[in-house]
Amino acid sequence: MIVTRFAPSPTGYLHIGGARTALFCLLMARHNNGKFILRIEDTDQKRNTPTATQQVMEDLKWLGIEWDEGPDCGGPGAPYKQSERLEIYDKHINQLLDDGKAYYCWDTSEELAEMRDKAQAEKRSFIYPRPEKFPTREEADAAAAEGKPVIVRLCMPEGDIVVKDLVRGEVTFQAGEFSDFVIRKSDGFPTYHLACVVDDELMGVTHIFRGQEHLMNTPGHQALQDALGFSRPTYAHMSVTVSEGGGKLSKRERGKALAKAIKADLEIDREELAKIGEMSIEDFDEFLNGKITPDAPLVTAMAKHIELHLPEINVVDFKESGFLPEAVTNFVALLGWSSPDGQEIMPFEKLIENFDPTRFNKTNSLFDRKKLQAFNTEHMKMVDSDKLLGYFKDYLVLNELEMGKFDDDTLATLLKLCEGARNFEDVVNKSNFIMLKADTIEFDPNAVKKVLSKDGVAEILTEVKDRLNNLEAWEAEPIHKVIEVMCEEKQLGMGKVAQPIRVAIAGCMVSPAIDATLVMLGKDETIARIDHAIEFVKGL
RNA sequence: GCCCCCUUCGUCUAGUCAGGCCUAGGACACAGGCUUUUCAUGCCUGCGACACGGGUUCGAAUCCCGUAGGGGGUACCA
Numbered sequence: 075m076i077v078t079r080f081a082p083s084p085t086g087y088l089h090i091g092g093a094r095t096a097l098f099c100l101l102m103a104r105h106n107n108g109k110f111i112l113r114i115e116d117t118d119q120k121r122n123t124p125t126a127t128q129q130v131m132e133d134l135k136w137l138g139i140e141w142d143e144g145p146d147c148g149g150p151g152a153p154y155k156q157s158e159r160l161e162i163y164d165k166h167i168n169q170l171l172d173d174g175k176a177y178y179c180w181d182t183s184e185e186l187a188e189m190r191d192k193a194q195a196e197k198r199s200f201i202y203p204r205p206e207k208f209p210t211r212e213e214a215d216a217a218a219a220e221g222k223p224v225i226v227r228l229c230m231p232e233g234d235i236v237v238k239d240l241v242r243g244e245v246t247f248q249a250g251e252f253s254d255f256v257i258r259k260s261d262g263f264p265t266y267h268l269a270c271v272v273d274d275e276l277m278g279v280t281h282i283f284r285g286q287e288h289l290m291n292t293p294g295h296q297a298l299q300d301a302l303g304f305s306r307p308t309y310a311h312m313s314v315t316v317s318e319g320g321g322k323l324s325k326r327e328r329g330k331a332l333a334k335a336i337k338a339d340l341e342i343d344r345e346e347l348a349k350i351g352e353m354s355i356e357d358f359d360e361f362l363n364g365k366i367t368p369d370a371p372l373v374t375a376m377a378k379h380i381e382l383h384l385p386e387i388n389v390v391d392f393k394e395s396g397f398l399p400e401a402v403t404n405f406v407a408l409l410g411w412s413s414p415d416g417q418e419i420m421p422f423e424k425l426i427e428n429f430d431p432t433r434f435n436k437t438n439s440l441f442d443r444k445k446l447q448a449f450n451t452e453h454m455k456m457v458d459s460d461k462l463l464g465y466f467k468d469y470l471v472l473n474e475l476e477m478g479k480f481d482d483d484t485l486a487t488l489l490k491l492c493e494g495a496r497n498f499e500d501v502v503n504k505s506n507f508i509m510l511k512a513d514t515i516e517f518d519p520n521a522v523k524k525v526l527s528k529d530g531v532a533e534i535l536t537e538v539k540d541r542l543n544n545l546e547a548w549e550a551e552p553i554h555k556v557i558e559v560m561c562e563e564k565q566l567g568m569g570k571v572a573q574p575i576r577v578a579i580a581g582c583m584v585s586p587a588i589d590a591t592l593v594m595l596g597k598d599e600t601i602a603r604i605d606h607a608i609e610f611v612k613g614l
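Using the numbering used here, you'd call the opening residue of the first sequence number 75 and step up by one each time.
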């Protein structure tokens with residue numbers, strides 16, 4: 075059976091690159107009726123953040139990426155948090171030690187740095203000088219008692235190492251390039267390398283899909299597998315998604331964009347913004363100079379305050395921007411991978427059906443938000459209306475929008491009226507008319523200039539109001555008929571009548587179709603708004 | 001510095017492993033047009049690429065070598 079795994083370290087929100095890796099692992103498992111495992115790699119105590127695991131799981135679920143085994147649901151390979159598996163790792167490390175395949179050492183970081191500098195000065199790779207005779211356990215214990223940083227290193231083998239990779243073919247690493255690397259840190263925790271290799275074996279992982287940044291680790295992992303008598307999984311080192319400035323898509327991207335915008339705008343009240351970012355004014359300056367980065371939600375809050383649109387990096391950012399998970403997964407799947415049939419827009423099931431691990435490409439890709447928008451537009455039309463309503467409500471709640479107070483029927487109608495919208499942000503913008511009050515509508519200056527200030531608008535509005543007032547059945551068709559008839563009689567284009575109505579009831583030039591909008595508003599509200607607009611026009 | 005990977009329209013890519021079917025196909029973006037009561041949607045047209053230099057071959061986007069550019073790694077991070 076094919077078993078894949080996604081193994082994030084809980085250092086913050088799940089970012090889009092991680093989501094892509096997770097997606098491919100899931101696709102591989104589902105396409106082959108295999109198993110997909112979620113494992114938390116929390117062996118670095120300094121970097122872990124307490125809520126990250128929960129957040130990552132939530133983000134994966136939102137995307138529709140569900141695991142068969144994991145920290146929340148357990149499974150035959152439990153536990154699925156590496157910090158809870160320390161004894162297992164120790165057992166394997168001790169075995170390597172006993173077999174003479176690993177050894178203790180306790181160089182200080184200064185000593186190590188010196189050796190590295192020397193290697194670089196001599197224009198060669200740094201190779202840790204393996205001692206002729208390995209220290210005994212007693213000697214290591216004694217050193218530790220003296221406060222020395224005692225660690226364990228694995229003996230790397232002699233010859234060339236070939237990594238067979240689904241994406242890159244056979245990659246050969248020359249003998250003599252390998253340094254004995256650390257498998258247990260001085261705090262007693264295993265390194266990522268050891269924990270990862272042991273867990274993949276014990277959990278029966280058959281296929282490892284990961285970013286190309288791990289390619290250089292693989293010879294070491296293979297050496298570990300050989301030393302421990304493990305089987306060799308199939309590797310695929312995928313291309314990565316890079317940011318527009320070049321380089322890996324990083325979590326700091328949003329902070330950087332925000333700092334840049336703040337620095338560019340001298341009008342901004344920095345003190346107030348620092349308060350929103352929960353920082354002292356000194357820290358705020360540090361932040362602007364790129365020295366520190368506040369937590370993601372604070373960055374978002376500050377950006378919102380100055381009405382800045384930040385590039386989406388974390389999965390939650392996309393959720394907050396009003397994208398559909400189906401669109402995000404579909405789009406991200408097409409970064410570095412292509413469907414055998416050439417199809418691009420696909421529902422999740424089709425992604426699974428079409429998945430083929432031989433169709434990864436080798437080149438890094440840039441994230442194109444505009445194309446995501448196009449995908450989102452398609453998926454808005456594809457998902458069924460109940461599901462869409464659910465997503466819409468989540469979006470409204472997440473953004474704390476007042477529109478969320480409306481009942482399901484109203485929201486569903488709004489969604490229907492806004493068919494063709496690119497994302498939920500568009501839906502909200504277009505639906506703004508429903509949030510207004512007849513006597514407090516403020517008219518968009520641009521709309522005033524282009525529509526309300528034109529000659530004869532007051533007369534047109536008065537006329538159409540009277541005609542609407544006389545209408546018995548307040549439904550789309552008769553309303554449409556009223557406007558149509560009036561246009562014919564007055565020899566006017568539809569726009570000449572419909573646009574003033576639109577501005578009158580929405581305050582701006584954007585709204586859904588006029589007849590449907592009026593139906594939603596109801597007769598009284600419509601008349602009241604038109605009256606208000608007539609007063610306004612007369613006052614111009 | 002050292003090691004590894006990559007290079008097709010502005011962007012994502014097909015085609016490269018098995019050289020001719022490629023005067024290089026699609027998608028997004030962009031420009032123009034049509035539809036439309038607004039914004040969108042929808043439809044049509046256009047623009048637009050094999051990084052460079054050498055080979056191999058009857059024939060190269062495809063194979064080989066070199067150059068340049070980009071990315072990654074070089075931790076007691078993962």
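By construction, the Cβ of each residue, glycine as well, lies at the ideal position given by its N, Cα and C atoms.
Query                                                                                                                      : Result
Where the alpha helix (DSSP H) through V236 begins and ends                                                                : V236 -> not in any alpha helix (DSSP H); beta strand (DSSP E) instead, spanning I235 to D239.
Own chain, CB closer than 6 Å to E386, minus 5 neighbours either side, in chain order                                      : F392 and S395
Reference Y178; option with closest CA among K259, R603 and T600                                                           : K259
W411 and F434 closer than 9 Å at C-beta                                                                                    : yes
Euclidean distance between Cα positions of Y202 and P223                                                                   : 16 Å
Chain-order list of residues whose beta-carbon lies under 6 Å from that of S157 (same chain, five-residue window excluded) : D116
Cβ-Cβ distance between K455 and E418 below 9 Å                                                                             : no
Beta-carbon proximity check, S527 vs K490, cutoff 9 Å                                                                      : no
Range covered by the alpha helix (DSSP H) that runs through R79                                                            : Here R79 belongs to no alpha helix (DSSP H); instead the beta strand (DSSP E) covers V77 to F80.
Status (buried if at least 16 other CB within 10 Å, exposed otherwise) for D254                                            : buried
Spatial distance of K461 from F429 (CA atoms)                                                                              : 25 Å
C270 - containing alpha helix (DSSP H), residue span                                                                       : Y266 to L276
Nearest residue (CA-CA) to G233, options P552, Q296 and W180                                                               : Q296
Own chain partners of A126 with C-beta closer than 7 Å, once the 5 adjacent residues on each side are dropped              : P84, T85 and G86
Enclosing beta strand (DSSP E) for A176 [first to last residue]                                                            : A176 to C179
C-alpha gap between L340 and S439, whole angstroms                                                                         : 35 Å
Per DSSP, cross-strand counterpart(s) of W548                                                                              : In the DSSP output, where bridge partners are listed per residue, W548 has none listed.
Under the three-state DSSP convention, the category M312 falls into                                                        : strand
Runs of alpha helix (DSSP H) wholly within the stretch 124 to 196 (minimum 4 residues, chain order)                        : 126 to 137, 160 to 172 and 183 to 195
Neighbourhood of R576 by C-beta, 7 Å cutoff - its chain only, sequence neighbours within 5 removed                         : M583, S585 and I588
Contiguous alpha helix (DSSP H) assignments of at least 4 residues, all confined to the stretch 474 to 556                 : 482 to 491, 498 to 504 and 531 to 543
Beta-carbon proximity of D273 to A81, cut-off 9 Å                                                                          : yes
Spatial distance of V316 from F441 (CA atoms)                                                                              : 7 Å
For L289, the nearest candidate out of T280, C270, R328 and R242 (CA to CA)                                                : R242
Outcome for M230 when other beta-carbon atoms lying within 10 angstroms are tallied against a minimum of 16                : buried
In DSSP terms, what V256 is bridged to                                                                                     : R227
Within 9 Å, strictly: CB atoms of I114 and Y154                                                                            : yes
For E140 and C390, the rounded distance between their alpha carbons                                                        : For clarity, residue 390 is Val in the given sequence; the question names Cys instead. So the alpha carbons of these two residues sit roughly 17 Å apart.
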